[in-house]
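Here the structure is laid out as C-alpha cells; the discussion comes afterwards.
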Amino acid sequence: GDSVTQMEGPVTLSEEAFLTINCTYTATGYPSLFWYVQYPGEGLQLLLKATKADDKGSNKGFEATYRKETTSFHLEKGSVQVSDSAVYFCALDSSASKIIFGSGTRLSIRP
Amino acid sequence: DTGVSQNPRHKITKRGQNVTFRCDPISEHNRLYWYRQTLGQGPEFLTYFQNEAQLEKSRLLSDRFSAERPKGSFSTLEIQRTEQGDSAMYLCASSPPDGGAFFGQGTRLTVV
C-alpha cells in the first residue's frame, strides 16, 4: 500500500542554518504531497503542498519539490529561525483513500 | 467559519464510560477524516467519510469505535467502554476536492 518515510529526528540546528528534511513516498497512483507542521501544544497546520510532478510548494520560506523520478518531496529552508522549532510531517493524498502521514521529524533551532 | 471546529477540547472520563466527540468541518469540504495522535507519534488514521458515506475504517479500530456523518455535514466519533489505551488526541480534518487536509485543534481524551 501507499506509504511515507521521512528522516528520523530530532534535528538540531543553529539559527540561520540551512535545513533539509528528507521525505520519500510509495504510491500506486499520482498522489498529492504535503508538509504539515505542528508547533508545541498546537494542532497540525498545512505548510505547503504540491499536486503533480515537478511542482514546487512554498510557504514561510520553506520549499519542497515533487520529484516523481526519485519519489521524494524533501523540505528545505535556506535560513531557519528559532520560531521554526516544531514537528514536521510529510504526507500523501491519493484522493482515493485516507491521507497517509510520515512519523514526523522534530526540529529544534538553537539561538 | 474559518476552520475545522472540534468539541470538546478536553475530556476526562472514567474507564468503562462512553464518550462522544463532535467535528464541524469547513463548509463545502466533502471529505472528512478522523485521526488519533499520541505523544511523539504521527497521526494514526481512524476513519474517512466522503459526504455522508463512510468509505474506510482502520482495521486497528475496534468495534468500540463508531463514527457518523449524517447529512454529510458534522461528524461524531463515539468510543464505547473506554479503556486507558484510548487516551490520546483525537483529530478531525476536512479536505477540499484538490486534496490535503485542514485539521481542527483536536479533542484530548484522558481515561482514568
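Going line by line, the protein sequences match chains L and P. Sequential numbering from 228 applies to the first sequence in this note's numbering. Sequential numbering from 123 applies to the second sequence in this note's numbering. Cβ atoms here follow ideal geometry from the backbone N, Cα and C, with glycine treated the same way.
Does DSSP classify residue 149 of chain P as helix, strand or coil?
To locate residue 149 of chain P, count along the second sequence from 1; it is residue 27. Looking at residue 149 of chain P - three-state DSSP - the assignment turns out to be coil, as it is neither helix nor strand.
Should residue 287 of chain L be flagged as near chain P, meaning a C-beta pair shorter than 9 Å?
Position 60 of the first sequence, counted from the start, is the residue given in the question as residue 287 of chain L. Not closer than 9 Å to any Cβ of chain P, the Cβ of residue 287 of chain L fails to qualify, so no.
Chain P partners of residue 320 of chain L, CB-CB under 7 Å?
If you number the first sequence from 1, residue 320 of chain L lands on position 93. Within chain P, the residues near residue 320 of chain L are 221, 222.
Can you tell me which of P:132, P:124, P:125 puts its alpha carbon nearest to the alpha carbon of residue 232 of chain P?
For the purposes of this step, residue 232 of chain P is taken as the residue at position 110 of the second sequence. It is P:132.
Which chain L residues sit within Cβ distance under 9 Å of residue 213 of chain P?
In the second sequence, the residue the question calls residue 213 of chain P occupies position 91. In chain order: 270, 271.
Can you list the beta strand (DSSP E) stretches of 3 or more residues lying completely in the region 232 to 288 of chain L, in chain order?
Those beta strand (DSSP E) runs which fall completely within the region 232 to 288 of chain L and span 3+ residues are 238 to 241, 246 to 248, 250 to 253, 259 to 265, 271 to 277, 283 to 286.
I'd like to confirm the pairing. Which residues does DSSP put opposite residue 157 of chain P in its beta bridges?
Numbered from 1 along the second sequence, position 35 holds the residue referred to as residue 157 of chain P. Its beta-bridge partners are P:167, P:213.
What is the rounded straight-line gap between the Cα of residue 146 of chain P and the Cα of residue 192 of chain P?
The residue you call residue 146 of chain P lines up with position 24 of the second sequence. The residue you call residue 192 of chain P lines up with position 70 of the second sequence. If you take the alpha carbons of residue 146 of chain P and residue 192 of chain P, they lie about 12 Å apart.
Among P:125, P:168, P:154, which has the Cα closest to the Cα of residue 184 of chain P?
Translated into the one-based positions of the second sequence, residue 184 of chain P becomes position 62. Cα-wise, what sits closest to residue 184 of chain P is P:168.
Report the three-state DSSP secondary structure of residue 234 of chain P (helix, strand or coil).
Within the second sequence, numbered from 1, the residue matching residue 234 of chain P stands at position 112. Residue state, collapsed to three classes: coil.
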